[in-house]
Amino acid sequence: MPRIGVFVCWCGSNIGGVIDCPKLAADAGELPGVVLSTEYKYMCSEPGQNSIIQAIRDHRLDRVVVASCSPRLHEETFRKTLARAGLNPYLFEMANIREHCTWVHNKEPEKAQVKSLALVSRAVAKANLLEPLFPSSIPMTKRCLVIGGGIAGIQAALDVADAGHEVILVEKEPTIGGNMVKLDKTFPTLDCSACISTPKMVSVSTHPNITLYTYSEVAGVDGYIGNFEVTIRRKASYVDHSECTGCGDCQTKCPTKVPSEFNLGLSTRKAIYIPFPQAVPNKPVIDAANCRYFTTGKCKVCQKICTTEAIDYEQQDTVITEKVGAIVVATGYQLFDWAAAYGEYGYGRYPDVVTGMHFERLVNAAGPTGGKIQRPSDQSEPKTVVFIKCVGSRDPAKGKEYCSRACCMYTAKHAHQVLEKIPGANVYIFYIDVRTPGKGYEEFYQRTISDGAVYVRGRVSKIYQMGDKLVVRGSDTLLGRPVEVEADMVVLASAMVSSSGIQDVARMVSVQVDKDGWLQEAHPKLRPVETHTGGVFVAGSCQGPKDIPDTVAQASAAAAKVCGLLSREELATDPMISTVNQAICTGCGLCVPACPYQAVELKTITERIPGHAPRERTVADVNSGLCQGCGACNVACRPGAMQVKGFTNDELVAEVDAICL
Amino acid sequence: MKYAYYPGCSLHATAREYDQSTREVCSALGIELIEIPDWSCCGATSAHSTSHLLSVALPARNLTLAGKMGLDIAVPCAACYQRLRYAQIELDQNEGVREKVAAVTGTVYENKADVKSLLEVVASLDPEYLKSKIVRPLDGLKAVCYYGCLLVRPPRVTGFDDPEDPQTMDNLMRACGAEALDWGYKTECCGASMGISNEAITLKLVRDILQVAEKAGADCLVAACPLCQSNLDSRQTHINRAFGTGFKMPVLYFTQLIGLALGIEPARLGLKSHFVATAGIVKFAT
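So the sequence lines, in the order shown, correspond to chains G and P. For the first sequence, our numbering begins at 13 and goes up steadily by one. For the second sequence, our numbering begins at 40 and goes up steadily by one.
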């Protein structure tokens, strides 16, 4: 028979001011199994905890119930108290008579008294059935996978690598750098984006702890925290990068021109190409879909010209596997496809209606125009430029409900750049609100206004081409009247949306995607870089729209979490996870799809029953590294073979009986 | 192909040439139109701006009459089309309205007849069939198609074409050999019945439409609504006087241009009853 001690906490007047704690303790003393029931002003305080330890010793208690606040607040505290007294910390149960009772029923103390006793009875009923639980340990592979080589992935990889751990960085494009390296200057300090990001790209490629796989994609993730096995598909580049010197002769001679992805179609590249001069790695790949040799069977100019014989048309995709202990997802964002949604802006028919990213390339000294702001239609210098904010953002009818966060600032920067580079230019900015929460941001916005940018509060309802002008019609909601601007160029601040492959990546690493397509962090405030899957972290704009400072901060935060994890030799696992009673498991397999963490699988066991030949049977098996103790399998299990330790069926039924019977 | 034909009041009065050309073109293309017997007002402006019930009850009556014929309805006028569609959606979704309408009209509405704009009906023909019927293609004619505000909007009511860049009429014009120019005022408002209560607004709106059409290099405007056509055509002299402009932009119904391309005599298409002479356009039909 268990020997249960009940400790009622007054929590000052939080509980003691509403109910009669001595009476509650006396009533609880009558419950089955209770050998000691007492009360104290603050159970969580040093003397309170010591009194529990003393009572455990004096009364040979083997179960402890504390009736106080929420287990979220002090369950860990009291478990440690039990451990200090030499008791298994899981022989502890808490009754929440503060949040669940005295706080909400402080106007009806009699009823609160009755409810408190019911809650304590529940805890005592469960305590009678508690079993000691023991955490197990799993080994730790001290390597980290980073998915995505934009600034978030670069920063996370460098931080983890600098801490002395091995990092595998996987990027699907032929170069790392992501969106940031395409930008011209960065707000609010106007430092050159390439100048601050390309050195980091080089650091990645030269870091002894980083293995870089560009032009590669993660094809599968198996395993669990500390022990992931990752399959990576390396796309055939048809260039042997170990032989290639990156001289660039092949791309000079290649006869096929296609629109450059890096310049968003504002210039062309060759079929064998290095995306941009500072690319990392600075070696070309062949775009087989456009290569003359691959499409017609004739050409091979690049092979003929290559002095190191690096061109290999026979190259195939290769698949490699890597073992890692932690994963950082940093897959970034792309721009909302405004042309498909905004007919009133011409469905992308007008060449001089461009996105902010196009503008970045147009104003970039290394861009297709050498930094001269020119209209894509006729290469003339625009005199009147209209900027439209929130295209696809804050527009649930056509795009996304959320704010993309960076557009107010980059539009202010673009306006500043137009006014700086084009003397006498007119700049109009249509906006809903101007949001500038950041260090130096509001000051930058005010400076843009004093530069001469005209901010018009209202949305644009229509853009149409009239001769070589674009007529932009909108409303000025402060003046309450329609306005029309004849513009030479229109720049749309189109919304940030998550990268196209995010669903696949999310599925592979078992991370939820939220309603807007972003990866779901474990807690929006207190666990911003963790996910609900152990060992998987998020960094940068795959978790939500972000500007560069926030992205880098989050990437470093994710790296710190990874380093914390990788610093351990092995991991203690929460013992409150599912377990299978294989003797009664029928092997029906309903628990397998019920598990959101892919922690349950079926396996075949051999049963030996005395007097019978050994026979094989299929049963469920729980991977303790993956199981998060959610209990979904428990609900799905018909014979009751699946049980969550610390929340067994018997325990739950006893609790319900204690309150309801 | 057989439709219940709902001409609406305009086509029996100010827009006779739309009625005439519609009947000519449909008969030439094998679309049989049977005018709904005893049709009444569609519930447009005067009804729907004063009584919601009246604005549903009037079209409900016409919908019921067409339903009895067992035919879908072809509606040439954009306002009539809009009213009938609105009423149909309202009646289908709202039982309370159905009951009220039954009480005032004395007949129970049943959703039997699908409402289609005449533009939609003509455009539903096989394009190859239409082309095979063209005997006098409108080669060299530069037209801007004007849909106005009601024909393709709001999309949940109309739904047969893109609300921002409709193409139905453009494609028909192309099939007739004309060049349909891209322009920005396809779906702007012509001022509609404001022409009666506040003419200054209508004059400005029409002026803008004509101006953008002229800048686009159009030889003529193509309309699919009697009120749009009337505003755009009849007010040009007044606009020229008020704004010092010199517009002489012919405004034709799409049925008139298709009729020309089909080789129908201009007189039978009502091309003589326009304010701005259409003779220059007739010449394109060769």
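For each residue, glycine too, the CB sits at the ideal point set by N, CA and C.
For residue i and residue j, which I take to be in contact (beta-carbon distance under 8 Å), what is that distance rounded to the nearest angstrom?
i                     : j                     : result
residue 368 (chain G) : residue 503 (chain G) : 6 Å
residue 263 (chain P) : residue 208 (chain P) : 6 Å
residue 227 (chain G) : residue 185 (chain G) : 7 Å
residue 110 (chain P) : residue 162 (chain P) : About 18 Å separates the two Cβ atoms, so there is no contact after all.
residue 456 (chain G) : residue 200 (chain G) : 4 Å
residue 87 (chain P)  : residue 122 (chain P) : 7 Å
residue 151 (chain G) : residue 239 (chain G) : 7 Å
residue 331 (chain G) : residue 196 (chain G) : Not really, about 38 Å apart at Cβ, beyond 8 Å.
If you reduce the DSSP assignment to three classes, tell me which class residue i lands in.
i                     : result
residue 520 (chain G) : helix
residue 195 (chain G) : coil
residue 61 (chain G)  : helix
residue 245 (chain G) : strand
residue 21 (chain G)  : strand
residue 243 (chain P) : helix
residue 433 (chain G) : helix
residue 674 (chain G) : Within the shown structure, residues of chain G are numbered from 13 to 673, placing residue 674 (chain G) beyond reach of any answer.
residue 671 (chain G) : helix
residue 312 (chain P) : coil
residue 44 (chain P)  : strand
residue 619 (chain G) : strand
residue 591 (chain G) : strand
residue 275 (chain P) : helix
residue 151 (chain G) : strand
residue 195 (chain P) : coil
residue 308 (chain G) : helix
residue 282 (chain G) : strand
residue 125 (chain P) : helix
residue 151 (chain P) : coil
residue 97 (chain G)  : coil
residue 75 (chain P)  : coil
residue 332 (chain G) : strand
residue 101 (chain P) : helix
residue 661 (chain G) : helix
Mind listing the chain P neighbours of residue i? Cutoff is C-beta to C-beta under 8 Å, in chain order.
i                     : result
residue 105 (chain G) : In chain order: nothing, as chain P lies at least about 55 Å away.
residue 508 (chain G) : Here the premise fails: no neighbours, minimum Cβ distance about 24 Å.
Using the beta-carbon of each residue, which ones in chain P are nearer than 9 Å to residue i?
i                     : result
residue 411 (chain G) : Result: empty, since nearest Cβ-Cβ is about 15 Å, beyond 9 Å.
residue 483 (chain G) : 223 and 251
Under the rule that 16 or more other beta-carbon atoms within 10 Å means buried, what is residue i, buried or exposed?
i                     : result
residue 239 (chain P) : exposed
residue 538 (chain G) : exposed
residue 27 (chain G)  : buried
residue 595 (chain G) : exposed
residue 460 (chain G) : buried
residue 280 (chain G) : exposed
residue 51 (chain P)  : exposed
residue 316 (chain P) : exposed
residue 153 (chain G) : buried
residue 673 (chain G) : exposed
residue 439 (chain G) : buried
Could you list which residues in chain G have their beta carbon closer than 7 Å to that of residue i, in chain order?
i                     : result
residue 58 (chain P)  : Correct list: empty, because the minimum Cβ distance to chain G is about 32 Å.
residue 251 (chain P) : 478
For residue i, verify whether its CB is less than 6 Å away from any heavy atom of the ligand PLP.
i                     : result
residue 280 (chain G) : Of ligands this structure carries none, so the ligand PLP is not represented either.
Given that residue i touches chain G, what residues does it touch there, using C-beta distances under 9 Å?
i                     : result
residue 201 (chain P) : 355 and 359
Starting from the beta carbon of residue i, find every residue of chain G whose beta carbon is closer than 8 Å, and list them in chain order.
i                     : result
residue 254 (chain P) : 478 and 479
Quick one: is residue i near chain A, going by C-beta distance under 7 Å?
i                     : result
residue 143 (chain G) : As a matter of chain content, chain A is missing from the structure shown, whose protein chains are G and P.
**Request:** May I ask you to list, following chain order, the residues of the stretch 184 to 212 of chain P that have a beta carbon less than 9 Å from some beta carbon of chain G?
**Result:** 201, 202, 203 and 204
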